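Engineer: Below: one structure in structure tokens.
Here you go:
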């Protein structure tokens, strides 16, 4: 279902315990980067387990637009025949990223240091999101930018004939900004340096090293991460097996914790230390979560995660943990609704500039379903409610994580919960409904409203 299609309301309701073993889709961060880095390498990269979501397929189209050959094979894998750094062709049309914030920001970094012109557009949600955080360092590197007021999409860029390497201190915890600067630095002569005061997910650094880039990470005297990248390497193609997305795994994990009698195993989930804040938090809340068969795959630690229904308690989630679980706060709020006492979540200002104002969207959704909460500019407090919750309709604001989180609420609530648009879920988790039905959940289309 395309992000431009008519809304499809979905309703979830309590039913039997959730039971079974599932595998959620491949990690979105790894999937985006596999296509991008494969396009910048010389030769053929093979990708197993690619997340076939609208976001990732938009990245594939963007890489095709500059000359890479990307094809799906009969065994389900994807091959990427790269064209090499410095050899990007100028795209013939606009680059439409739909709802994909990661895709558009990282691609701006890649294109911004090549002497080509490109115009980026997105859907109504993406067009509201701030792009200046990426465009400003690109301007420092010599990229010309024409963008809508507030540095929002549509935006057109032309890369410099020779990009300038820069030293850039990331002003907010954002893996997208860090990655965009590093990817621009790939085609700049000399050393590009990114200083990261608060560590964020490090897939870009790990994967660039795997593709043969000259990149190093150290800590300075202030304890900040200092990433140095030497530009204009020859990237080497790789064989990549994409592990399961921990952000997607968060939904069945929380569902199993809050639905009585549940026992669910999610296979092959990536456990990158910068992505596991949600698991740490849920265990602190009393969640029965086991990490089984830990192993290494493609430079990342993975494990099978077994989750059983648990009696949760409210806690204070450390603000410093936010970068490692920023996308999981909506579903954490659902877990908090079933915990005893208050769960206090500070340091959430970044949620204001996601696919929607996620902080406000979560608070309104909780209120619509009878769950007490307090929202401030950068915090959310949720008071667990033991009785009479659910029964509301949630406005998703074209945000896939809002839609999925409140469908999880309905699976455990006393009354069914409806989200105004389930079609947006396809941007990151196309198999969401079918996987939950396999576990025994009740999720159905509201055909009368959808019509």
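In this note's numbering, the protein residues as written are 572 to 1022. The beta-carbon is built from N, C-alpha and C at its ideal position, and this holds for glycine as well. No experiment lies behind these values; they were computed from the predicted model shown.
Note down the Cα distance separating residue 611 from residue 805, rounded to an integer number of angstroms.
Structural biologist: 9 angstroms
Engineer: Who are the near neighbours of residue 592 in its chain, counting only those whose CB is closer than 7 angstroms to its CB and skipping five residues on each side?
Structural biologist: 836 and 838
Engineer: Quick check on the DSSP output: the beta strand (DSSP E) that includes residue 651 runs from which residue to which?
Structural biologist: 649-654
Engineer: Does DSSP classify residue 920 as helix, strand or coil?
Structural biologist: helix
Engineer: Taking 8 angstroms as the limit between beta carbons, can you name the residues of its chain near residue 931, skipping five residues before and five after?
Structural biologist: Excluding residues within five positions, the ones whose Cβ falls inside 8 angstroms are 923 and 946.
Engineer: Which of the three DSSP states is assigned to residue 725 in this structure?
Structural biologist: In this structure, DSSP gives residue 725 an extended state, which the three-state scheme calls strand.
Engineer: From residue 721 to residue 746, what does the alpha carbon distance come to, in whole angstroms?
Structural biologist: 21 angstroms
Engineer: Taking residue 578 as the reference, give the member of 830, 776, 1013 and 990 with the closest Cα.
Structural biologist: 990
Engineer: Once you ignore the five residues that flank residue 1038 on each side, which residues in its own chain have a CB closer than 7 angstroms to its CB?
Structural biologist: In the structure as shown, the chain starts at 572 and stops at 1022, and residue 1038 therefore has no counterpart that could be examined.
Engineer: Less than 9 angstroms between the C-beta atoms of residue 637 and residue 682, yes or no?
Structural biologist: yes
Engineer: Going by CA-CA distance only, name the one from 794, 768, 684 and 808 that's closest to residue 781.
Structural biologist: 808
Engineer: DSSP three-state call for residue 763: helix, strand or coil?
Structural biologist: strand
Engineer: Is the number of C-beta pairs between the region 815-823 and the region 761-775 that are closer than 8 angstroms three or more?
Structural biologist: In this structure the region 815-823 does not touch the region 761-775; the number of beta carbon pairs closer than 8 angstroms is below three.
Engineer: What residue from 985, 845 and 1014 has the CA that sits closest to residue 1023's CA?
Structural biologist: Nothing in the structure corresponds to residue 1023, since the chain is present only between 572 and 1022.
Engineer: Report the three-state DSSP secondary structure of residue 942 (helix, strand or coil).
Structural biologist: coil
Engineer: For residue 655 and residue 734, what's the separation of their Cα atoms in angstroms?
Structural biologist: Residue 655 and residue 734: Cα-Cα distance of roughly 16 angstroms.
Engineer: Could you have a look at residue 758 and say whether DSSP puts it in helix, strand or coil?
Structural biologist: In the structure shown, residue 758 falls within a coil segment according to DSSP collapsed to helix, strand and coil.
Engineer: Between residue 660 and residue 684, is the Cβ-Cβ spacing less than 9 angstroms?
Structural biologist: no
Engineer: Is it true that the CB of residue 918 sits closer than 9 angstroms to the CB of residue 890?
Structural biologist: yes
Engineer: Let's see if you can read the secondary structure: which residues bound the beta strand (DSSP E) around residue 583?
Structural biologist: 581-584
Engineer: Going by beta-carbon coordinates alone, are residue 982 and residue 1014 separated by less than 9 angstroms?
Structural biologist: yes
Engineer: Can you tell me which of the three DSSP states residue 776 falls into?
Structural biologist: helix
Engineer: Quick one: is residue 717 buried, meaning 16 or more other Cβ sit within 10 Å of its Cβ, or exposed?
Structural biologist: exposed
Engineer: Starting from the Cα of residue 662, find the closest Cα among 634, 644 and 859 and give me that residue.
Structural biologist: For the set 634, 644 and 859, the Cα lying nearest the Cα of residue 662 is the one of 634.
Engineer: Determine the direct distance from the alpha carbon of residue 705 to that of residue 680, and round the result to whole angstroms.
Structural biologist: 7 angstroms
Engineer: What span of residues does the beta strand (DSSP E) with residue 896 cover, start to end?
Structural biologist: Note, residue 896: premise wrong, no beta strand (DSSP E); not H, not E.
Engineer: Among all the DSSP beta bridges, which residues are the ones paired with residue 787?
Structural biologist: DSSP output for residue 787 lists 799 as bridge partner(s).
Engineer: On the premise that residue 625 lies in contact with residue 997, defined as a C-beta separation below 8 angstroms, what is that separation, rounded to the nearest angstrom?
Structural biologist: 5 angstroms
Engineer: Looking at C-beta atoms only, is the number of pairs between the region 867-875 and the region 786-797 that lie closer than 8 angstroms three or more?
Structural biologist: no
Engineer: Nearest to residue 846 by CA position, among 596, 689, 767 and 820, is which residue?
Structural biologist: 820
Engineer: Could you check if residue 925 is buried or exposed, using at least 16 other CB atoms within 10 Å of its CB as the buried criterion?
Structural biologist: buried
Engineer: My parser needs the beta strand (DSSP E) runs of 3 or more residues fully inside the region 573-648; what are they?
Structural biologist: For the region 573-648, whole beta strand (DSSP E) runs of length 3 or above, ordered along the chain, are 581-584, 590-593, 613-619 and 640-643.
Engineer: How many angstroms separate the CA atom of residue 580 from the CA atom of residue 616?
Structural biologist: Residue 580 and residue 616: Cα-Cα distance of roughly 39 angstroms.
Engineer: Note down the Cα distance separating residue 1086 from residue 900, rounded to an integer number of angstroms.
Structural biologist: The requested residue 1086 does not occur in the structure, where the chain is confined to residues 572 to 1022.
Engineer: Check whether the Cβ atoms of residue 963 and residue 941 sit closer than 9 angstroms, and answer yes or no.
Structural biologist: yes
Engineer: How many Å lie between residue 641 and residue 703 at the Cα?
Structural biologist: 30 angstroms
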